[in-house]
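A short write-up of the structure that comes next.
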Amino acid sequence: MSYTETEDKKSERILSVDVMRGFALICMVMVHFMVYLGDAAAVDTWPYFFLNHVLGDWGAACFLMMMGMSQVLSAQKHVGEDNRLIFRRTLIRGGFIFLVGVFMLALSWGPGKIWQWDILTLMGFATVMLFFCRFLSSWSILAIVVSLIVCTPLLRMGIDFNAVWGGNFVNAPVISRYLPGILLDPAKEYEVVWGAKEIIQGFLFTGEFPVIPWIIFPPLGFVLGRRIASQRMRQDLQFLVIIGSLLVLLGLGWAYAAIGRPQSSIIIDYIVPLSFYPDSFTMICYQLGVALIVFSGLFFYYDVCKPDKQKLSFIVRIYNRISRSSLTFYFLHYLLIGWPLVLIYLLTGKYYKYALLGAIPALLCGFAAVILLVLLLVFWGKHKDRYSLEWFLAAITKRFASP
Numbered sequence: 029m030s031y032t033e034t035e036d037k038k039s040e041r042i043l044s045v046d047v048m049r050g051f052a053l054i055c056m057v058m059v060h061f062m063v064y065l066g067d068a069a070a071v072d073t074w075p076y077f078f079l080n081h082v083l084g085d086w087g088a089a090c091f092l093m094m095m096g097m098s099q100v101l102s103a104q105k106h107v108g109e110d111n112r113l114i115f116r117r118t119l120i121r122g123g124f125i126f127l128v129g130v131f132m133l134a135l136s137w138g139p140g141k142i143w144q145w146d147i148l149t150l151m152g153f154a155t156v157m158l159f160f161c162r163f164l165s166s167w168s169i170l171a172i173v174v175s176l177i178v179c180t181p182l183l184r185m186g187i188d189f190n191a192v193w194g195g196n197f198v199n200a201p202v203i204s205r206y207l208p209g210i211l212l213d214p215a216k217e218y219e220v221v222w223g224a225k226e227i228i229q230g231f232l233f234t235g236e237f238p239v240i241p242w243i244i245f246p247p248l249g250f251v252l253g254r255r256i257a258s259q260r261m262r263q264d265l266q267f268l269v270i271i272g273s274l275l276v277l278l279g280l281g282w283a284y285a286a287i288g289r290p291q292s293s294i295i296i297d298y299i300v301p302l303s304f305y306p307d308s309f310t311m312i313c314y315q316l317g318v319a320l321i322v323f324s325g326l327f328f329y330y331d332v333c334k335p336d337k338q339k340l341s342f343i344v345r346i347y348n349r350i351s352r353s354s355l356t357f358y359f360l361h362y363l364l365i366g367w368p369l370v371l372i373y374l375l376t377g378k379y380y381k382y383a384l385l386g387a388i389p390a391l392l393c394g395f396a397a398v399i400l401l402v403l404l405l406v407f408w409g410k411h412k413d414r415y416s417l418e419w420f421l422a423a424i425t426k427r428f429a430s431p
């Protein structure tokens, strides 16, 4: 099955993809403001736990899955083009996103943190990888995805995660009062080491968003995008909800069964506590399940029932605006966190990362940042998004990869 097989080269946008991507991006902004600005007291509060774990733990997976879908849907506009031209365009796009990710980390946290491996560097790599998925059948892609999920604990054997994540893992606050040992966090943030071996190992396995296992989500979205493009997604929804529910039950059930097991087991075992850094096997199952359930519900409402697009709610229009400028939105929100911390440091001599605000003030700052970014995007839109990151990418692509 080829995603180029479609009746309409320029089909309308899939509203559920924009809604889910926009929602995931807003969640990321709220999570990052809470995490990076919240102090030690904020960590042990329900707002912090809700944002960082209830929303944050699956939001990134949804964002990556939407990226895979978008690759398929946008490719419908280029049916019949030469594969060499498509590959050149893919290299430009992937390289641009990768470099934007590195540049963003340098501007936000300093040049010493560029090998932290944020989600944008992963997306740049995944963009190029997805080009080759177009030559594979959907079943082959799913087989590769399942194999990577199953093999992730095995591939991580022998890698010292404790060396770059601050030592032993600790119980996540709040939930540990009720289910101690079910959810673990690293003791400290990722430690960047400027050595060739450490940089490559971070990119592949130990960074914040390493290739293994996070690369599984874009190809899954790619397969779902094919189903959408061939107008078969509607008949899959019930099956996807069932599979998603089973994965959620498997992830949470095995995490509960693993309470009391050694903390190091999250790296190399299967029946283990939940962990986001690194992504444990149970967390992967949970993330996949939630992503499938949420997207199925959104697709049914927005693209099967098809509400009148002239009567879409205000928040949905915001999601659409954010989705269309997702790279600019994500890039700028990191600067809104990093630069004030630097300014405060210059004024006081103290760097308040992870120690600036209580839970509620950090939450309000995140909300204010979302409003500011949306207003900027609206203003940019009135000027045809000129000089946004999407504008630069389109200009470079037109210059070097035009038909």
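Residue 29 is where the sequence shown starts when you use the working numbering, and the numbers rise one by one after that. Note that the Cβ used here is the ideal one computed from N, Cα and C, for glycine as well.
Compute the distance between the beta-carbons of residue i and residue j, then report whether it is under 8 Å.
| i | j | result |
| --- | --- | --- |
| Leu385 | Gly66 | yes |
| Pro247 | Leu158 | yes |
| Val221 | Val192 | yes |
| Leu53 | Tyr358 | yes |
| Met58 | Val276 | no |
| Trp282 | Val202 | no |
| Val100 | Arg254 | yes |
| Leu355 | Ile125 | yes |
| Gly434 | Asp146 | Look at the range of the chain in this structure, 29 to 431, and you will see that residue 434 is not part of it. |
| Met93 | Phe328 | no |
| Ala200 | His106 | no |
| Ala429 | Leu113 | yes |
| Tyr373 | Tyr382 | no |
| Tyr218 | Gln144 | yes |
| Ile350 | Val406 | no |
Can you tell me the Cα-Cα spacing of residue i and residue j, whole angstroms?
| i | j | result |
| --- | --- | --- |
| Phe268 | Gly317 | The sequence given here has Leu at residue 268, not Phe. For Leu268 and Gly317, the distance between alpha carbons rounds to 9 Å. |
| Phe233 | Val198 | 20 Å |
| Lys339 | Val47 | 15 Å |
| Cys90 | Ser44 | 12 Å |
| Ile256 | Phe163 | 18 Å |
| Leu364 | Met56 | 13 Å |
| Pro181 | Ser303 | 13 Å |
| Arg116 | Trp167 | 26 Å |
| Ala171 | Val251 | 11 Å |
| Phe78 | Phe61 | 13 Å |
| Ser39 | Ile243 | Note on Ser39: pLDDT 46, under 50, position unreliable in the model; no value is reported. |
| Leu265 | Ile42 | 15 Å |
| Phe420 | Thr149 | 18 Å |
| Ile270 | Tyr330 | 20 Å |
| Leu417 | Arg345 | 21 Å |
| Ala103 | Val156 | 13 Å |
| Gly209 | Val370 | 36 Å |
| Ala423 | Tyr415 | 10 Å |
| Asp297 | Arg121 | 36 Å |
| Glu236 | Lys141 | 12 Å |
| Asn348 | Ile294 | 37 Å |
| Ser165 | Arg49 | 26 Å |
| Leu280 | Gly108 | 45 Å |
| Cys161 | Ile169 | 7 Å |
| Lys216 | Tyr305 | 10 Å |
| Leu127 | Leu119 | 12 Å |
| Lys426 | Trp408 | 20 Å |
| Ala224 | His361 | 30 Å |
| Gly87 | Tyr314 | 12 Å |
| Thr310 | Phe153 | 25 Å |
| Trp137 | Pro335 | 43 Å |
| Ala396 | Leu133 | 22 Å |
| Tyr206 | Gln259 | 45 Å |
| Val332 | Ile227 | 45 Å |
| Leu404 | Pro431 | 33 Å |
| Val174 | Gly377 | 49 Å |
| Asn196 | Leu278 | 25 Å |
| Ser432 | Phe51 | With the chain covering only 29 through 431, there is no way to say anything about residue 432. |
| Phe231 | Ile343 | 36 Å |
| Asp72 | Arg184 | 30 Å |
| Asp413 | Ser204 | 46 Å |
So what does residue i bridge to, in DSSP terms?
| i | result |
| --- | --- |
| Asp213 | Val198 |
| Leu302 | Leu211 |
| Gly66 | Leu385 |
So residue i packs on residue j, CB below 8 Å; how close in whole Å?
| i | j | result |
| --- | --- | --- |
| Ile312 | Pro368 | With 8 Å as the limit, Ile312 and Pro368 do not qualify as a contact, their Cβ atoms being about 34 Å apart. |
| Ala70 | Tyr76 | 5 Å |
| Ala292 | Pro301 | Reading off the sequence shown, one finds Ser at residue 292, where the question assumed Ala. Actually they are not in contact, since the Cβ atoms of Ser292 and Pro301 sit about 11 Å apart, beyond 8 Å. |
| Ala319 | Ile299 | About 22 Å separates the two Cβ atoms, so there is no contact after all. |
| Ile321 | Gly272 | 4 Å |
| Gly249 | Gly96 | 3 Å |
| Gln229 | Ile177 | Gln229 to Ile177, Cβ: 20 Å. No contact. |
Beta strand (DSSP E) runs contained entirely in the segment 121 to 191, provided each spans 3 or more residues = Contiguous beta strand (DSSP E) elements confined to the segment 121 to 191 do not occur, taking only those with 3 or more residues.
key: Contained alpha helix (DSSP H) runs [length at least 4] in the segment 353 to 403, N- to C-terminal order   = For the alpha helix (DSSP H) assignment, the uninterrupted runs of no fewer than 4 residues enclosed by the segment 353 to 403 are, from N- to C-terminal side, 354 to 376.
Complete alpha helix (DSSP H) runs within the segment 246 to 289 (minimum length 4 residues, chain order) = Runs found: 261 to 285.
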